[in-house]
Amino acid sequence: MSQLPSPSSPHFHYRLATASDWGQIAAVTQEAYAQYELEIMEDCRASFQQGMRSVLATNTSDMEWWVAETDHGISGAVLFCHPGATLQALDGSTVTLALPEARLLSVSPQARGLGLGRTLMQICIERARDIGAQALVVRTMPEMGAANRLCQQMGFVKRTEAGARSGPLERLVDYVYAIEPKEADAPQPGL
């Protein structure tokens, strides 16, 4: 197996995905989330798998897949969902997002620890800022220790604890990142 470069290396390229990337995105996402198969409680596992398949199959202008790749292919991906996007929730219901969300952050096991997840999340923060959003939402589960730590390290604030909902949604933990306006967009003193 070859050694992957650091995330700041010119060998990593971050870009908006195209339709030809969907197979690799699905493979990286499923590989990244496979570790949770045994950790997620039985009553939640089927809805989690169905929700993941549903999002991976979605192709609308309300959602953007961003990828991290090397010349060996895609090593990470994240789905940025615009406000107004309609998605299937873990309980089978349909939700329309009020705020932008980063979903299914995935880094292949071989590329973990290189900062790809952090960079992909930073892209989502910038996209939220670009569209004028005041916040970005990320949903995790208690079993997703690395994702929870990343959110906390990046300044996301826990909005909803696991157990605050019922049914399959009970396992979700919501984090929110407050978006600061770009300096050029910020009001100038004395104006």
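Heads up: the sequence shown runs through residues 14 to 204, numbered per the numbering used here.
Ideal Cβ placement from N, Cα and C applies to all residues, glycine included.
Span of the alpha helix (DSSP H), counted from its first residue to its last, around residue i
| i | result |
| --- | --- |
| L185 | From DSSP, L185 is part of no alpha helix (DSSP H); its letter is neither H nor E. |
| T42 | W35 to Y46 |
| A160 | G158 to Q166 |
Cβ separation of residue i and residue j, assumed to be a contact under 8 Å, to the nearest whole Å
| i | j | result |
| --- | --- | --- |
| A141 | I192 | 5 Å |
| P96 | L112 | 6 Å |
| Y190 | I138 | 6 Å |
| G86 | Q37 | 6 Å |
| L29 | A81 | The pair is not a contact, with the Cβ atoms about 12 Å apart (cut-off 8 Å). |
| D254 | H24 | No answer is possible for residue 254: the residues shown for the chain start at 14 and end at 204. |
| V186 | R152 | 7 Å |
Outcome for residue i when other beta-carbon atoms lying within 10 angstroms are tallied against a minimum of 16
| i | result |
| --- | --- |
| V170 | exposed |
| R162 | exposed |
| E174 | exposed |
| A45 | buried |
| A124 | buried |
| R184 | buried |
| A98 | buried |
| S15 | Reliability fails at S15, whose pLDDT of 37 lies under 50, so the model's placement of it is uncertain and no value is given. |
Residue span of the beta strand (DSSP E) that contains residue i, given as start and end
| i | result |
| --- | --- |
| K171 | V170 to T173 |
| H26 | H26 to L29 |
Proximity test, Cβ basis, 7 Å: residue i and chain B
| i | result |
| --- | --- |
| A40 | In summary, chain B is missing from the structure at hand, where a single protein chain is found. |
At what residue ranges does the region 72-151 contain a whole run of the alpha helix (DSSP H), taking only runs of 4 or more? 129-143
On the three-pair Cβ rule with 8 Å, is the region 36-46 touching the region 137-151? no
Would the region 86-93 and the region 119-126 be scored as touching if the rule is three or more Cβ pairs under 8 Å? yes
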